Every structure is written in structure tokens, then in C-alpha cells.
């Protein structure tokens with residue numbers, strides 16, 4: 386086997402390793418929820434390469450409003466659960482492809498942030 390062929394084989398192996406790394410690499414995205422009247426709201430368009438993502442919701446209480454801080458989460462228009470308390474970290478299963486995640490808090494929340502970590506290619510705020 387000549388040296389040129391050895392280089393070709395090595396480049397093919399590196400390419401396969403790099404492609405596998407890209408397909409399985411985790412990304413982290415942070416988003417701040419915007420105000421919509423007395424509520425905080427956020428809609429995201431994400432592209433998942435499939436699998437489980439970690440969804441962290443941080444809710445800062447508005448002490449002028451009584452009650453527990455809560456946030457409703459929807460995935461592609463279907464309820465994906467309610468988060469309550471200052472900080473929650475929970476998994477979400479996403480198939481490969483584009484998805485819409487929406488977050489809506491109750492009035493007891495002064496500010497809110499969302500962190501998504503997983504095999505995601507993009508996470509951008511949806512147009513209002």
C-alpha cells in the first residue's frame with residue numbers, strides 16, 4: 386500500500402469520527418422570557434438531532450403577588466408539563482427535527498430564564 390492510500394484511509398477515519406462527534410455533541414442555549422402583560426412568555430423553535438434534552442426553568446418570584454411560581458411548558462402545541470418552584474430541571478424527549486417549545490408563567494413570576502442542553506443544532510425565539 387502506498388503512502389497516498391494510507392493518507393486517504395486516515396482522512397476517511399477522521400471524517401467518520403468528526404461526523405460522529407458533531408451528531409452527538411451537546412449544546413447549551415439560554416433564553417430570557419419576555420413580558421406579556423402580567424405573565425412571562427417564551428416561544429422557541431429548536432432543531433433536535435433526536436433524544437433527550439435537559440430543560441431548566443428558573444423562576445424569580447414577584448413578592449408583591451402571592452402564590453407559588455409556576456410555568457406551563459408545551460411541546461409542539463401539546464402540554465409537556467408544569468414547572469413549579471424557583472428552579473426545575475427535567476428531561477424532554479425530542480425526535481429528530483424541528484420543534485416548538487413554549488413557556489408561560491403565572492403572575493407570581495417577576496423574571497424567568499430557560500436553559501436547554503442537549504443534542505440541539507439551533508434554538509431561536511419564534512416570531513411573535
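Residue numbers (this note's numbering): 386 to 513.
For glycine and all other residues, C-beta sits at the position ideal for the given N, C-alpha and C.
On a predicted model such as this, the values are computed, not experimentally measured, just so you know.
Would the beta-carbon of residue i fall within 8 angstroms of that of residue j?
i: residue 480; j: residue 429; result: no
i: residue 490; j: residue 424; result: yes
Since I believe residue j is in contact with residue i (beta carbons under 8 angstroms), could you give me their beta-carbon distance rounded to a whole number of angstroms?
i: residue 505; j: residue 432; result: 7 angstroms
i: residue 427; j: residue 495; result: Incorrect: roughly 15 angstroms between the Cβ atoms, too far for contact.
i: residue 442; j: residue 473; result: 5 angstroms
Quick one: Cα of residue i to Cα of residue j, how far?
i: residue 457; j: residue 502; result: 19 angstroms
i: residue 455; j: residue 410; result: 31 angstroms
i: residue 500; j: residue 413; result: 7 angstroms
i: residue 497; j: residue 459; result: 16 angstroms
i: residue 453; j: residue 467; result: 12 angstroms
i: residue 422; j: residue 462; result: 21 angstroms
i: residue 476; j: residue 436; result: 10 angstroms
i: residue 464; j: residue 397; result: 44 angstroms
From the DSSP secondary-structure annotation, give me the bridge partner or partners of residue i.
i: residue 497; result: 444
i: residue 351; result: The first residue shown for the chain is 386 and the last is 513, placing residue 351 beyond what the model contains.
Taking 7 angstroms as the line, does the beta carbon of residue i fall inside it for any heavy atom of the ligand MN?
i: residue 412; result: This structure lacks the ligand MN; in fact it carries no ligand of any kind.
Contained beta strand (DSSP E) runs [length at least 3] in the stretch 473 to 497, N- to C-terminal order: When DSSP assignments are scanned along the stretch 473 to 497, the uninterrupted stretches of beta strand (DSSP E) that are 3 or more residues long and fall wholly within it turn out to be 482 to 490.
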